[in-house]
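Heads up, the thing below is written out as structure tokens.
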Amino acid sequence: MRIALIGQPNCGKSTLFNQVAGYRAETGNFSGTTVTFTESKVRVRGEVVELVDLPGTYTLSGTNPAERESFCYIVSHQVDVIINVVDASHLAQGLSLTMELLELSRPVVVAMNMMDEAASRGLTIDGPELQRLLGVPVLPLVASKGRGVQNLFVAAQQVGQNGNPPARPVYSRDVEQAIQAVRLSLNGQAAPLSPELGAIRLLEGDRALGERVSSTNPTITAMLIQTRQHIFQERGQQAEWVISAERHGMAANLAHAVVQQGECRTNWRDRLDDIFLHPVWGYLSLVIILLLFFQGIYRLGSILEQPLLAFFDGITLQVATVLVPWPFLAELASGLMLGIAGGLAIVLPYLFPFLIGLSFLEDIGYLPRIAFLMDALMHRIGLHGKAVVPFILGYGCNVPAVMSTRMLEERRDRYLAATLATLVPCAARLAVVFGLVAFYLGPYAALGIYLFNLFVIALTGRVISKLIPEDSPGLILEMPVYRMPSLRAVLQKAWFRGREFIFEAWPALIIGSLIFSIMTYLNLEVIFNALLLPLSWLLGLPPQIGVPLVFGILRKELSLIMLRQALGFVDFSVALTPVQMITYTVFVVFYIPCLATLTVLKRELGRRDMLSIAGLTVIIATLAALAARMIASLIY
Amino acid sequence: MMVRFVRFHGGESFQQKMLSLGLLPGDTARVIRHAPMNGPVLVDIAGREFAFGWGVAEKIEVEECPL
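Which chain is which? The protein sequence lines are A and B, in order. Residue 636, in our numbering, is where the first sequence stops; the numbers in between run on with no holes. Residue 67, in our numbering, is where the second sequence stops; the numbers in between run on with no holes.
Here is the structure:
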């Protein structure tokens with residue numbers, strides 16, 4: 001048996017899924033899209049059931065990828081029963097999706113989630129009456145506390161075994177006439193959709209279905225245009241809006257019939273936004289929260305990183321001693337260890353605390369507040385408020401930053417946000433800025449590099465948004481209420497995100513390290529110096545910088561560590577002038593993102609965009625380093 | 001201030017976007033607050049809160065509704 005979970009965003013659907021599924025759940029992409037769904041096997045009264053968590057959508061009749069894919073999944077797979085999770089505290093809104101689900105000719109169970117929240121808002125809901133009106137089982141649920149989960153799945157199993165589809169909602173007479181007219185001329189061509197559902201979808205202007213049907217039955221196109229036009233003349237609105245508005249209305253009537261509004265107590269959560277979205281206190285608390293966030297991660301990270309690195313250095317040394325008679329193997333082993341330790345040093349100490357912190361801020365409902373506060377500023381660089389998150393994360397590590405661009409709907413916004421996020425100096429590049437510029441030239445020079453970096457990012461944003469203008473009007477964002485997330489949900493989310501890194505970026509890092517170790521063994525790495533000669537000449541840097549720059553692509557801090565080897569001096573001030581230090585650091589801050597980031601870029605945006613971003617960063621790095629060289633020559 | 005949505009300007013994709021959030025002409029909204037510097041406006045629509053950026057808010061035709 002297969003059960004599909006569907007519901008609107010923030011209805012607590014994923015909380016329910018995580019309650020029953022556990023961490024073995026598999027996340028997949030709908031082919032050709034970034035829309036993901038999650039699957040898991042669940043045991044219900046001894047029977048093993050496939051549970052699919054579809055993406056949260058408000059409607060199935062829209063045109064965005066999540067809506068289309070959810071619809072296609074339900075009608076094209078053998079879904080035995082649909083569990084429709086509805087937020088009981090916003091029942092009218094939730095039921096409009098239920099209206100659409102009732103049209104799919106699949107058994108449906110409605111789970112009224114967040115009953116506790118509805119109660120605290122003074123709402124009383126007559127569940128049995130709603131069940132009678134809808135004609136499908138309605139069960140109360142508090143997914144966050146696990147209450148009602150068992151009953152829900154038992155009910156779903158029963159409904160699935162009976163297999164009786166519910167009756168669909170009835171529209172007003174003219175719409176029903178139109179549906180029947182289209183249904184008759186359809187002749188069952190809409191399969192696997194039922195003829196009635198096919199007719200409704202066609203009236204709603206489902207293009208893909210329209211093209212499919214008209215290829216075998218050209219007369220239907222004319223008939224459809226005529227019917228839609230008729231509705232437009234009668235109602236003064238396009239048919240899809242008429243149908244949506246009717247569903248909206250039916251849902252509102254249902255909610256009106258079963259919900260009683262008692263006394264509503266305002267609680268502490270309603271007051272929070274008076275501070276967090278305040279024109280002054282809001283920005284102040286944003287700064288404090290972000291400081292705490294980064295402080296927490298660095299503290300935790302540095303506690304974990306030291307012993308980890310010491311442990312791996314120990315092993316590397318031992319392996320090297322054993323392998324002294326075989327220099328090739330020794331080189332290979334050190335490359336292998338470099339890749340393994342590199343991944344561990346990024347993943348365990350920083351990436352996971354980062355992802356845990358991000359999931360926490362997301363689940364508690366703070367991320368949308370940041371978007372609200374920063375929207376005006378982000379528009380200056382051609383993006384909107386939601387794109388602020390990749391930037392903030394970028395200062396820690398570009399990997400979660402690029403992953404978080406997924407929350408942007410428009411492809412153009414994702415591309416631009418990812419490009420700009422890779423220009424944000426991550427913790428590893430911070431090490432270069434501090435190890436070279438702050439150490440030898442003082443903290444103000446380091447601060448100068450950070451300010452210069454912000455300037456370059458803003459400039460790049462403006463230039464790119466001139467080339468690819470914004471086509472969406474901007475920020476549309478639902479503000480969820482503040483909720484205390486469960487530790488389990490936060491950890492699970494962090495694991496889901498982190499695991500992509502472990503299985504994709506880390507192997508790439510290890511392979512990359514092995515290839516470089518072979519090149520080192522064959523003394524081929526000096527080729528890099530020769531290849532980068534035009535660059536080092538242009539920037540006025542010693543030719544030896546080729547090797548550390550290329551190794552820096554593996555891990556950014558290598559561009560500092562290897563520089564020491566390459567120049568042959570422990571004290572940089574002997575080998576480099578202040579101007580050279582600044583020029584080199586600025587180039588390192590901007591040029592090609594590290595291999596781990598490149599892997600994530602490829603996953604999120606595809607190979608072409610990954611390459612174009614890498615190429616762009618080289619151009620930006622060269623121009624920025626030239627500018628920095630000129631500015632620095634004036635100062636030093 | 002209470003307003004009623006009259007029409008969504010700005011093309012089909014914007015209307016679709018509003019529809020996919022469950023927002024339709026005829027819905028009423030209460031304006032809660034603005035962010036500074038032409039930032040977004042925060043509104044309450046049937047108990048749900050939405051932030052609309054400047055460019056988005058410009059495309060929503062509304063009429064003031066008496067309380």
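By construction, the Cβ of each residue, glycine as well, lies at the ideal position given by its N, Cα and C atoms.
Contact under 9 Å by Cβ, residue i with residue j
{"i": "A:E196", "j": "A:S61", "result": "no"}
{"i": "A:N529", "j": "A:G546", "result": "yes"}
{"i": "B:L19", "j": "A:T59", "result": "yes"}
{"i": "A:I613", "j": "A:Y415", "result": "yes"}
{"i": "A:N398", "j": "A:V600", "result": "yes"}
{"i": "A:I83", "j": "A:V109", "result": "yes"}
{"i": "A:A88", "j": "A:A118", "result": "yes"}
{"i": "A:P593", "j": "A:T422", "result": "yes"}
{"i": "A:T227", "j": "A:A208", "result": "no"}
{"i": "A:V437", "j": "A:P425", "result": "no"}
{"i": "A:P107", "j": "A:V81", "result": "yes"}
{"i": "A:F372", "j": "A:L277", "result": "yes"}
{"i": "B:A51", "j": "A:G385", "result": "yes"}
{"i": "A:P368", "j": "A:L284", "result": "no"}
{"i": "B:L24", "j": "A:H248", "result": "yes"}
{"i": "A:G382", "j": "A:E500", "result": "no"}
{"i": "A:P417", "j": "A:P400", "result": "Reading off the sequence, residue 417 of chain A comes out as Ala, not Pro. Not a contact, by the Cβ cut-off of 9 Å."}
{"i": "A:A21", "j": "A:L51", "result": "yes"}
{"i": "B:S13", "j": "A:T124", "result": "no"}
{"i": "A:S14", "j": "A:A489", "result": "yes"}
Endpoints, the beta strand (DSSP E) within which residue i is located
{"i": "B:A51", "result": "R48 to F52"}
{"i": "A:D638", "result": "This structure does not reach residue 638 of chain A, given that chain A is present from 1 up to 636, and the question cannot be answered."}
{"i": "A:V570", "result": "That residue, A:V570, is in no beta strand (DSSP E); it is neither H nor E in DSSP."}
{"i": "A:L351", "result": "A:L351 -> no beta strand (DSSP E), and no H or E assigned at all."}
{"i": "A:Q158", "result": "Counting along the chain, A:Q158 falls outside any beta strand (DSSP E), though it belongs to the alpha helix (DSSP H) covering V149 to N162."}
{"i": "A:I468", "result": "Looking at the DSSP string, A:I468 is not in any beta strand (DSSP E), and its letter there is neither H nor E."}
{"i": "A:T124", "result": "L123 to I125"}
Option nearest residue i by Cα separation, candidates the options
{"i": "A:M446", "options": "A:P578, A:I613 and A:R462", "result": "The amino acid occupying residue 446 of chain A in the given sequence is Ala; Met does not appear at that position. Among A:P578, A:I613 and A:R462, the Cα nearest to that of A:A446 is on A:P578."}
{"i": "A:N164", "options": "A:A208, A:S185 and A:E103", "result": "A:E103"}
{"i": "A:R629", "options": "A:T583, A:A596 and A:Q544", "result": "A:T583"}
{"i": "A:V586", "options": "A:L408, A:G448, A:I476 and A:A596", "result": "A:G448"}
{"i": "A:L184", "options": "A:L560, A:M223, A:E410 and A:A118", "result": "A:M223"}
{"i": "A:E211", "options": "A:H379, A:E47, A:L186 and A:F71", "result": "A:L186"}
{"i": "B:D27", "options": "B:W54, B:I45 and B:E58", "result": "B:I45"}
{"i": "A:P9", "options": "A:K386, A:V424, A:P480 and A:T321", "result": "A:P480"}
{"i": "A:H230", "options": "A:I179, A:K602 and A:V213", "result": "A:I179"}
{"i": "A:I457", "options": "A:E100, A:A621 and A:L95", "result": "A:A621"}
{"i": "A:G435", "options": "A:V463, A:I340 and A:V589", "result": "A:V589"}
{"i": "A:R235", "options": "A:I200, A:G335, A:S172 and A:L193", "result": "A:S172"}
{"i": "A:S334", "options": "A:I511, A:R68 and A:I553", "result": "A:I511"}
{"i": "A:R271", "options": "B:E61, B:Q16 and B:I32", "result": "B:I32"}
{"i": "A:L309", "options": "A:G342, A:L291 and A:V280", "result": "A:G342"}
{"i": "A:E47", "options": "A:A156, A:A66 and A:G198", "result": "A:A156"}
{"i": "A:M403", "options": "A:Y366, A:Y350 and A:L605", "result": "A:L605"}
For residue i, the residue or residues it bridges with in DSSP
{"i": "A:A111", "result": "A:V85 and A:L139"}
{"i": "B:T28", "result": "B:R4"}
{"i": "B:V43", "result": "B:V31 and B:F50"}
{"i": "A:V48", "result": "A:R43"}
{"i": "A:V175", "result": "Looking at the DSSP assignment, A:V175 forms no beta bridge with any residue, so it has no partner."}
{"i": "B:I60", "result": "B:F8"}
{"i": "A:D53", "result": "A:L5 and A:T38"}
Residue interval of the alpha helix (DSSP H) (run including residue i)
{"i": "A:D413", "result": "R411 to L423"}
{"i": "A:Q8", "result": "Here A:Q8 belongs to no alpha helix (DSSP H), and DSSP marks it neither H nor E."}
{"i": "A:M99", "result": "L91 to L101"}
{"i": "A:S476", "result": "Contrary to the premise, residue 476 of chain A reads as Ile rather than Ser in this sequence. From DSSP, A:I476 is part of no alpha helix (DSSP H) but of the beta strand (DSSP E) over I476 to M479."}
{"i": "A:E204", "result": "Segment: none, A:E204 is in no alpha helix (DSSP H) and carries neither H nor E."}
{"i": "A:M484", "result": "A:M484 -> no alpha helix (DSSP H), and no H or E assigned at all."}
{"i": "A:G615", "result": "R607 to I635"}
{"i": "A:M374", "result": "L367 to H379"}
{"i": "A:C72", "result": "P65 to S76"}
{"i": "A:K13", "result": "K13 to A21"}
{"i": "A:V399", "result": "N398 to M403"}
{"i": "A:Q580", "result": "P578 to F590"}
{"i": "A:A387", "result": "It is not in any alpha helix (DSSP H) - A:A387 carries neither H nor E in the DSSP assignment."}
Just by C-beta distance, which residues in the region 279–302 of chain A are closer than 7 Å to chain E? Given the protein chain composition of this structure (A and B), no chain E is represented.
Extract the residue ranges of the alpha helix (DSSP H) inside the region 503–574 of chain A, only unbroken runs of 4 or more that lie entirely within it. 506–521, 526–531, 533–539, 546–551 and 558–567
Can you check the region 258–284 of chain A for any alpha helix (DSSP H) of at least 4 residues that lies completely inside it and give the ranges in chain order? 268–276
May I have a chain-ordered list of the alpha helix (DSSP H) segments no shorter than 4 residues that lie completely inside the region 202–257 of chain A? 207–216 and 219–235
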